[in-house]
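Here's the structure we're looking at; comments come further down.
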Amino acid sequence: MFDHVTVEGVTKVYGRQRALGGVSLRLEAGRLCALLGPNGAGKSTLLGILSTLLRPTGGEVRFGSVQHRQAGRTLRGAIGLVAHESFLYGDLTGRENLRFFERLYGGGGRAQTLLSRVGLDEAADRPVRTYSRGMQQRLALARALCGQPRLLLLDEPFTGLDSSGVAALRTLLAELRDGGVILMLVTHDLAAAAELANHVVVLRRGKVAFDHAQSAPFARLDEVYAAHA
């Protein structure tokens, strides 16, 4: 499908407020990009554009050779998003939610595997409205993986998870990264990001203040953030 995403001079304006002001970067397969920055820096807006839920005001985004404005069902099925909103249906069970999204993305047959992968076997047939915040977060991740995405976008995915859940998510993200998925992670958990990220982008006031990729995770991500945020 695609093995890189290119962002060139992307802007996003809401009325008189500029959320992004000329962002350029490149995301590669097999890399986990930690997208850092203070509140209001434009991180969620950039994720929204990369997910194709938002259109940029200016600039260009390409998924391999496919332009953002050409995004259709096939391309959207190759993009997974874990956002503040879970996009889950509370009256459906966990299993029913995953089967619904599998049909939506044109796949099928992986619901049980995904439930096991996020540790929800025992809760699979309970209505999602009975799930805790952490369980819903796990199911939202499974939902995002239904289409076997080439690009996985995560906005504060550790929120609501207990220590075992955080550890399991770190392991899963590392497996996806090493398996060639393109990942972008927005998080305030710098310790978790430091174990995973081999690409770091820092946004400040809607612009890129730091952009660096390397072969290994960043040992002192807190120092990088402090210097550029």
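Residue numbers (our numbering): 30 to 258.
For glycine and all other residues, C-beta sits at the position ideal for the given N, C-alpha and C.
Where do the N-terminal and C-terminal ends of the alpha helix (DSSP H) with residue i fall, by residue?
i, result
"Asp251", "Leu250 to His257"
"Glu89", "Taken as a continuous stretch (DSSP letters only), Glu89 belongs to no alpha helix (DSSP H), being part of the beta strand (DSSP E) at Gly87 to Phe92."
"Thr200", "Ser192 to Asp207"
"Tyr134", "Gly123 to Tyr134"
"Thr74", "Lys72 to Leu79"
Beta-carbon within less than 7 angstroms of residue i's beta-carbon, same chain only, minus the 5 sequence neighbours each way: which residues are those?
i, result
"Gly148", "Arg167 and Ala197"
"Ala203", "Leu225"
"Pro246", "Ala223, Glu224, Leu225, Ala226 and Asn227"
"Glu125", "none"
"Arg45", "none"
"Tyr134", "Gly106, Cys175 and Gly176"
"Phe187", "Val195, Leu198, Thr216, Asp218 and Ala221"
"Asp150", "Leu144"
"Asp154", "Thr122 and Arg124"
Between which two residues does the beta strand (DSSP E) holding residue i run?
i, result
"Thr142", "Not the beta strand (DSSP E): Thr142 falls in the alpha helix (DSSP H), residues Ala140 to Arg146."
"Tyr43", "His33 to Tyr43"
"Val157", "Per DSSP, Val157 belongs to no beta strand (DSSP E) and is neither H nor E."
"Gly109", "Ile108 to Val111"
Quick one: what's got a C-beta closer than 8 angstroms to residue i's C-beta in the same chain, skipping five residues either side?
i, result
"Gln165", "Ser115, Leu117, Val157 and Gly189"
"Arg55", "His33, Val34, Thr35 and Val36"
"Leu121", "Phe129, Pro156 and Val157"
"Tyr160", "Gly123, Ala152 and Leu168"
"Gly137", "Arg128 and Glu131"
"Val90", "Val34, Thr35, Val36, Glu37, Val39, Ile78, Leu79, Gln96 and His97"
"Gly163", "Gly189, Leu190, Asp191 and Gly194"
"Gly119", "Pro156, Val157 and Arg158"
Who does residue i pair with in a DSSP beta bridge?
i, result
"Gln46", "Tyr43"
"Arg233", "Lys236"
"Met213", "Cys62 and Leu182"
"Val260", "One cannot answer for residue 260 here, as it falls past the ends of the chain, which runs 30 to 258."
"Val52", "Val39"
"Ala169", "Ala169 pairs with nothing; no bridge assigned."
"Ala16", "No information on residue 16 is available, as it lies outside the stretch 30 to 258 that the chain covers here."
"Glu114", "DSSP output for Glu114 lists no bridge partner at all."
Just to confirm, is the Cβ distance from residue i to residue j under 9 angstroms?
i, j, result
"Val253", "Val231", "yes"
"Leu170", "Leu201", "yes"
"Gly109", "Pro178", "yes"
"Arg233", "Ala255", "no"
"Ser73", "Asp218", "no"
"Gly51", "Gly38", "yes"
"Leu49", "Leu75", "yes"
"Val111", "Leu181", "yes"
"Gly235", "Gly93", "no"
Check whether chain B comes within 9 angstroms of residue i, counting only Cβ atoms and requiring the distance to be less than that.
i, result
"Asp240", "Structure shown: chain B not included; a single protein chain is present."
Leaving out the 5 sequence neighbours to the left and right, which residues in its chain are closer than 6 angstroms to residue i when beta-carbon positions are compared?
i, result
"Leu83", "Gly77"
"Met15", "Residue 15 lies beyond the range of the chain shown here (30 to 258); nothing can be said about it."
"Lys41", "Ala48, Leu49, Thr74, Pro85 and Thr86"
"Glu57", "His33"
Are three or more beta carbon pairs between the segment 170-190 and the segment 139-149 nearer than 8 angstroms? Counting Cβ pairs under 8 angstroms, three or more are found: they touch.
Across the segment 236-255 and the segment 204-218, are there enough close Cβ pairs to call them in contact, namely three or more that are closer than 8 angstroms? Counting Cβ pairs under 8 angstroms, fewer than three are found: no touch.
How do the segment 91-100 and the segment 53-70 stand: do at least 3 beta-carbon pairs fall below 8 angstroms, yes or no? Contact between the segment 91-100 and the segment 53-70 is absent, because fewer than three Cβ pairs lie under 8 angstroms.
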